[in-house]
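Colleague: Numbering (our numbering), first residue to last: 24 to 318.
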Ligand SMILES: [Zn+2]
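#1: I'd like to know whether the C-beta atoms of residue 149 and residue 135 end up nearer to each other than 7 Å.
#2: Taking the continuous alpha helix (DSSP H) assigned at residue 162, which residues delimit it?
#3: Among all residues, which have a Cβ less than 6 Å from at least one non-hydrogen atom of ligand 1, and in what chain order do they fall?
#4: Compute the beta-carbon to beta-carbon distance between residue 107 and residue 62, rounded to the nearest angstrom, for a pair I have assumed lies under 8 Å.
#5: Within the present structure, is the beta-carbon of residue 42 separated from the nearest heavy atom of ligand 2 by less than 6 Å?
#6: On the DSSP letters alone, give me the boundaries of the alpha helix (DSSP H) that residue 139 sits inside.
#7: By Cβ distance below 6 Å, which residues in the same chain neighbour residue 99 in space, the five residues on each side in sequence not counted?
#8: So the alpha helix (DSSP H) residue 49 belongs to, where does it begin and stop?
#9: Under DSSP, the alpha helix (DSSP H) around residue 231 begins and ends at which residues?
#10: Check residue 110 in the structure and name its three-state DSSP category.
#11: Rounded to whole angstroms, what is the Cα-Cα separation between residue 10 and residue 120?
#12: At what residues does the beta strand (DSSP E) containing residue 92 begin and finish?
#13: Rounded to whole angstroms, how far is the Cβ of residue 247 from the Cβ of residue 93, which I believe are closer than 8 Å?
#14: What is the rounded straight-line gap between the Cα of residue 277 and the Cα of residue 145?
#15: Could you have a look at residue 263 and say whether DSSP puts it in helix, strand or coil?
#16: Please list the terminal residues of the continuous beta strand (DSSP E) segment that includes residue 29.
#17: Relative to the C-alpha of residue 47, which candidate in 255, 309, 290 and 259 has its C-alpha closest?
#18: First and last residue of the alpha helix (DSSP H) that includes residue 312?
#19: Can you say whether residue 188 is buried or exposed, counting buried as having 16 or more other CB atoms within 10 angstroms of its CB?
#20: Could you spell out where the beta strand (DSSP E) holding residue 194 opens and where it closes?
#21: Counting pairs of beta carbons, one from the stretch 39-55 and one from the stretch 200-209, are three or more of them closer than 8 Å?
#22: Expressed to the nearest angstrom, what Euclidean distance is found between the alpha-carbon atoms of residue 224 and residue 234?
Now the structure itself:
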């Protein structure tokens with residue numbers, strides 16, 4: 024991922040290549056072709072929104088449409104770690120007459136896009152907009168324009184091969200900053216229409232710098248640092264145990280009696296944690312002796 028500015032800082036932009044991240048997400052969630060595109064666009068969108076976050080900050084994107092995929096959740100942090108899931112990752116639809124993955128159909132056209140920015144303040148900033156098309160890039164641009172009042176062009180793309188593996192994925196966000204001239208704002212939209220699809224650039228081997236240069240050419244761009252993005256979930260066995268402890272002694276004893284063990288799957292990454300009967304008894308003993316940490 025790379026950030027840049029142009030036209031005397033009237034414009035800021037960020038571009039990212041997320042091919043491996045989206046492929047990791049597809050494998051972890053055994054997602055269909057269309058769901059891979061929907062989850063991948065959401066993850067890439069979260070990465071773009073998360074560009075420039077300070078340590079400890081995070082951005083959470085929730086796409087709540089009325090389509091068969093159900094809710095999609097994607098999160099990015101300041102270290103470029105991305106994680107996300109969809110409620111029904113196996114849901115799929117036939118390609119559109121134009122031979123495109125029907126992401127809008129899978130997500131649904133009725134619904135809401137929610138964005139939560141946690142920048143370390145007491146209360147995270149939260150905004151939402153109705154979905155425009157369910158194609159996610161358009162919805163994200165609408166959010167940035169309406170909720171954050173920043174004229175923005177967003178492009179998100181995921182190219183999925185016939186064997187389902189992700190051939191290319193990436194994103195670009197170009198924004199006019201406060202004080203930008205009307206000409207610059209108008210030019211943003213016109214240029215966006217002339218840009219080749221982001222998946223074509225990524226599939227042809229373009230780096231984030233080259234994508235940014237294509238988007239900002241003629242505007243004297245200045246490039247910032249390159250940062251790494253990747254699929255990474257922060258779930259650990261210890262966190263799973265802490266979560267189980269919050270269920271309380273009665274609940275855990277019932278679980279032990281009925282199942283003889285506990286099995287927890289992380290929604291974000293699909294990792295499975297299994298606690299044996301003995302381990303479950305250990306947790307119950309902690310609660311009984313009062314040595315469990317209080318939540
Ligand atoms: Zn996880």
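Glycine included, each C-beta is placed from N, C-alpha and C at the ideal position.
Modeller: The structure says:
#1: Counted from its first residue, the chain shown places residue 149 at position 126. Counted from its first residue, the chain shown places residue 135 at position 112. Contact: no.
#2: Counting from 1 along the chain shown, the entry for residue 162 is found at position 139. Where residue 162 is concerned, the enclosing alpha helix (DSSP H) stretches over 160-169.
#3: 256, 258, 289, 291, 292 and 294
#4: By one-based count along the chain shown, residue 107 stands at place 84. By one-based count along the chain shown, residue 62 stands at place 39. Going by Cβ atoms, the distance from residue 107 to residue 62 rounds to 6 Å, so yes, they are a contact pair.
#5: Of the ligands this structure carries, namely ligand 1, none is ligand 2.
#6: Counting from one through the chain shown, the residue named residue 139 turns up at place 116. Residue 139 -> not in any alpha helix (DSSP H); beta strand (DSSP E) instead, spanning 134-141.
#7: The residue labelled residue 99 in the question sits at position 76 within the chain shown. Contacts found: 69, 70, 73, 82 and 105.
#8: In the chain shown, the residue the question calls residue 49 occupies position 26. Unbroken alpha helix (DSSP H) run through residue 49: 42-52.
#9: For the purposes of this step, residue 231 is identified with residue 208 of the chain shown, where counting begins at 1. It spans 231-239 - the alpha helix (DSSP H) in which residue 231 sits, taken as one unbroken run.
#10: Along the chain shown, one-based indexing puts residue 110 at 87. Here residue 110 sits in coil by DSSP.
#11: Limits of the chain in this structure are 24 at one end and 318 at the other, which puts residue 10 out of reach.
#12: Here residue 92 is taken as the residue at index 69 of the chain shown, counted from 1. Per DSSP, residue 92 belongs to no beta strand (DSSP E) and is neither H nor E.
#13: Position 224 of the chain shown, counted from the start, is the residue given in the question as residue 247. Position 70 of the chain shown, counted from the start, is the residue given in the question as residue 93. No, residue 247 and residue 93 are not in contact; Cβ-Cβ is about 36 Å, not under 8 Å.
#14: Here the question's residue 277 lines up with position 254 in the chain shown. Here the question's residue 145 lines up with position 122 in the chain shown. Spanning the two alpha carbons is a distance of roughly 37 Å.
#15: Reading the chain shown from its first residue, position 240 is the one you call residue 263. The answer is helix: DSSP assigns residue 263 an H, G or I state.
#16: Against the chain shown, residue 29 aligns to sequence position 6. Run containing residue 29: 25-29, per the beta strand (DSSP E) assignment.
#17: As a first step, residue 47 must be located in the chain shown, where it is residue number 24. Of 255, 309, 290 and 259, the residue nearest in Cα terms is 255.
#18: One-based indexing of the chain shown puts residue 312 at position 289. Start and end: 300-312.
#19: Here residue 188 refers to the residue found at position 165 when the chain shown is read from its first residue. It is exposed - the Cβ of residue 188 has fewer than 16 other Cβ atoms within 10 Å.
#20: Working through the chain shown from its first residue, we reach residue 194 at position 171. It spans 189-199 - the beta strand (DSSP E) in which residue 194 sits, taken as one unbroken run.
#21: no
#22: Along the chain shown, read from residue 1 onward, the residue named residue 224 stands at position 201. Along the chain shown, read from residue 1 onward, the residue named residue 234 stands at position 211. C-alpha separation (whole angstroms): 7 Å.
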